[in-house]
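This report concerns only the one structure given below.
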Amino acid sequence: PLNISEWTVLITGASSGFGEAMAWRFAEAGCRLVLVARRLDRLESLRDQLQFTYHVPVHTVQLDVRNIAEVDLLPQQLPESFANVDILVNNAGLALGTASVQDNNIDDAITMIETNVTSVIAMTRAFLAGMLERGRGHIVNISSNAGREAYAGGSVYCATKHALTAFTTAARHDLVGTPIRVTCISPGAAQTEFSLVRYKGDQSAADAVYRGFEPLSAEDIADNVLYACTRPEHVQIADMLVLATNQASAKNVARVL
Ligand code: NDP
Ligand code: 8X3
């Protein structure tokens with residue numbers, strides 16, 4: 039496998055769920071970390087735990103990734119020792135609500151589009167310049183099974199993840215003549231804060247999503263990301279669709295437990 043122990047990894051959405059689990063796995067691998075999210079208190083506490091456990095350099099950035107002007111400035115605002123980002127994990131994202139198309143809330147729709155799509159376009163542009171200059175880099179985008187299929191009550195979320203999947207594929211085409219690798223990871227149902235956010239704090243609605251089967255964990259997806267990033271340099275993991283064992287599609291879940 040590729041030794042990434044000297045690499046700098048930037049993870050968006052590192053304050054919870056997949057992003058937090060990835061931070062642990064990349065820290066275990068010895069990487070230098072830049073952790074991005076809006077909730078700084080969470081990032082700082084994670085930074086302290088990672089540094090205590092693995093003694094790796096960690097830099098936290100409080101940023102709303104929808105703020106494109108700040109995203110554009112981010113590479114030059116990072117401390118020098120964190121500025122050469124080698125692995126960019128575009129993970130920050132969310133679903134809001136399960137409205138049917140005739141009832142879509144436009145504010146929620148815009149938030150999903152800006153967070154799940156526009157910010158990834160901006161982050162990718164902002165950090166690719168340095169990767170291309172240095173001749174090494176890896177972009178990992180966290181899409182979803184909702185980027186491969188669409189379901190009732192998910193019109194906007196599914197549209198954003200389809201857009202992200204297409205953007206990721208097109209990026210791979212654009213970068214085919216370079217050493218930069220581009221990976222799309224498409225997880226199925228995973229128990230994180232995702233459903234709590236989607237149901238706007240309704241814990242029982244969130245819990246019902248995972249009732250009767252064993253969902254994926256954040257650590258499962260972190261493993262997939264680490265796998266992709268540690269393949270030998272000539273291997274590009276293009277796309278991984280990862281489902282829970284009792285799940286065959288977004289809505290075909292066997293609640294057998
Ligand atoms: P969580 O809600 O646990 O984590 C989401 C992360 O995104 C948080 O760290 C949050 O941080 C961050 N985030 C959200 N909006 C912004 C923003 N505007 N600016 C900066 N950071 C932001 O959910 P998951 O870990 O499950 O989700 C991670 C990704 O995985 C998302 O893209 C999601 O769509 C995708 N996914 C999730 C699946 C699941 O079943 N859980 C399945 C498939 C894909 P903060 O609030 O502090 O800003
Ligand atoms: C999250 C998975 O199927 O609930 O991306 O939309 S799903």
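Each residue of the sequence shown is one higher than the one before, counting from 39 in UniProt numbering. Yeah, the Cβ is synthetic: ideal placement off N, Cα and C, and Gly gets one too. In this text, all values refer to a predicted model and were calculated from it rather than measured experimentally.
Review point. Helix or strand or just coil, what does DSSP make of Ala130?
Key: The residue you call residue 130 lines up with position 92 of the sequence shown. Here Ala130 sits in coil by DSSP.
Point to revise | Where Leu84 falls, given that 16 or more other Cβ within 10 Å makes a residue buried | key: Mapped onto the sequence shown, residue 84 falls at position 46. Label assigned to Leu84: buried.
Point to revise | Proximal residues to Ala167 (C-beta, below 8 Å), its chain only, five neighbours per side dropped | key: Residue numbering aside, residue 167 sits at position 129 when the sequence shown is read from its first letter. Here the set comprises Pro113.
Review point. Tell me which same chain residues have a C-beta within less than 8 Å of the C-beta of Val43, skipping the five on either side of it?
Key: Residue 43 sits at position 5 when you count from the first residue of the sequence shown. The amino acid occupying residue 43 in the given sequence is Ser; Val does not appear at that position. Hits under 8 Å: Ala67, Gly68 and Cys69.
Review point. Taking DSSP as the reference, what is the three-state secondary structure of Gly179?
Key: In the sequence shown, the residue the question calls residue 179 occupies position 141. Checking the sequence shown, residue 179 turns out to be Asn, not Gly. In the structure shown, the three-state DSSP call for Asn179 is strand.
Exercise for review: Could you name the residues that DSSP lists as bridge partners for Cys222?
Suggested key: Here residue 222 corresponds to residue number 184 of the sequence shown, with the count starting at 1. Answer by DSSP bridge pairing, in chain order: Asn179 and Asp277.
Practice item. Please look up how many angstroms separate the CB atoms of Thr206 and Val220, rounded, as I've assumed it's under 8 Å. Key: One-based indexing of the sequence shown puts residue 206 at position 168. One-based indexing of the sequence shown puts residue 220 at position 182. The pair is a contact, with the Cβ atoms about 6 Å apart (cut-off 8 Å).
Review point. Looking at Met169 and Val109, is the spacing between their C-beta atoms short of 8 Å?
Key: As a working mapping, residue 109 is identified with position 71 in the sequence shown. As a working mapping, residue 169 is identified with position 131 in the sequence shown. The answer is no: Cβ separation not under 8 Å.
**Study point:** Backbone CA spacing between Cys222 and Asn129 [nearest angstrom]
**Key:** By one-based count along the sequence shown, residue 222 stands at place 184. By one-based count along the sequence shown, residue 129 stands at place 91. Cα-Cα distance, rounded: 11 Å.
Check your understanding: Are at least three pairs of beta-carbons, each pair with one atom in the stretch 87-101 and one in the stretch 133-146, less than 8 Å apart?
Key -> Judged by Cβ distances under 8 Å, the stretch 87-101 makes no contact with the stretch 133-146, as fewer than three pairs qualify.
Exercise for review: Could you tell me which residues DSSP pairs with Thr98 in its beta bridges?
Suggested key: Here the question's residue 98 lines up with position 60 in the sequence shown. Paired residue(s): Leu73.
Check your understanding: Do the stretch 233-241 and the stretch 120-137 make contact, defined as three or more Cβ pairs closer than 8 Å?
Key -> By the Cβ rule, the stretch 233-241 counts as touching the stretch 120-137, because three or more pairs are nearer than 8 Å.
Exercise for review: Decide yes or no for the touch test of the stretch 193-205 against the stretch 246-257: beta carbon pairs closer than 8 Å, at least 3 of them.
Suggested key: These segments do not touch.
**Study point:** Residue environment, Glu271, which counts as buried when at least 16 other CB atoms sit within 10 Å
**Key:** Reading the sequence shown from its first residue, position 233 is the one you call residue 271. Glu271 counts as exposed, since fewer than 16 other C-beta atoms from the protein chains shown sit within 10 angstroms of its C-beta.
Check your understanding: Under three-state DSSP, which class holds Leu170?
Key -> The residue you call residue 170 lines up with position 132 of the sequence shown. Helix, per DSSP.
Check your understanding: So, are the CB atoms of Ser157 and Val103 less than 8 Å apart?
Key -> Locating residue 157 in the sequence shown gives position 119, counting from the first residue. Locating residue 103 in the sequence shown gives position 65, counting from the first residue. Yes, they are a contact pair.
Review point. What are the start and end residues of the beta strand (DSSP E) that includes Thr50?
Key: Translated into the one-based positions of the sequence shown, residue 50 becomes position 12. Here the beta strand (DSSP E) through Thr50 covers Thr46 to Thr50.
Check your understanding: Say the cut is 7 Å; is the CB of Ile42 nearer than that to a heavy atom of the ligand NDP?
Key -> To locate residue 42, count along the sequence shown from 1; it is residue 4. Answer for Ile42: no, Cβ out of range of the ligand NDP.
Check your understanding: Regarding Gly173 and the ligand 8X3, is the C-beta to nearest heavy atom distance less than 7 Å?
Key -> Numbered from its first residue, the sequence shown carries residue 173 at position 135. Every heavy atom of the ligand 8X3 is 7 Å or more from the Cβ of Gly173, so no.
Practice item. Just the C-alpha distance for Asn122 and Ile159, rounded to the nearest angstrom, thanks. Key: For this step, residue 122 is matched to residue 84 along the sequence shown. For this step, residue 159 is matched to residue 121 along the sequence shown. Those two C-alpha atoms are separated by around 19 Å.
Practice item. Pick helix, strand or coil for Ile151, following the three-state DSSP scheme. Key: One-based indexing of the sequence shown puts residue 151 at position 113. It is helical.
Point to revise | Closer than 7 Å: Ser255 CB and nearest the ligand NDP heavy atom | key: Start at 1 with the first residue of the sequence shown, and residue 255 comes out as number 217. Ser255: no, Cβ never under 7 Å from the ligand NDP.
Review point. Under 8 Å between the Cβ atoms of Ala61 and Leu71?
Key: In the sequence shown, the residue the question calls residue 61 occupies position 23. In the sequence shown, the residue the question calls residue 71 occupies position 33. Yes.
**Study point:** Ser233 classed as buried or exposed, judged by whether at least 16 other C-beta atoms fall within 10 angstroms
**Key:** Residue mapping note: residue 233 aligns to position 195 of the sequence shown, counting from 1. When all chains shown are included, Ser233 counts as buried.
Review point. How long is the line joining the alpha carbons of Gly173 and Gln89, rounded to whole angstroms?
Key: Reading the sequence shown from its first residue, position 135 is the one you call residue 173. Reading the sequence shown from its first residue, position 51 is the one you call residue 89. Whole-angstrom Cα-Cα distance: 29 Å.
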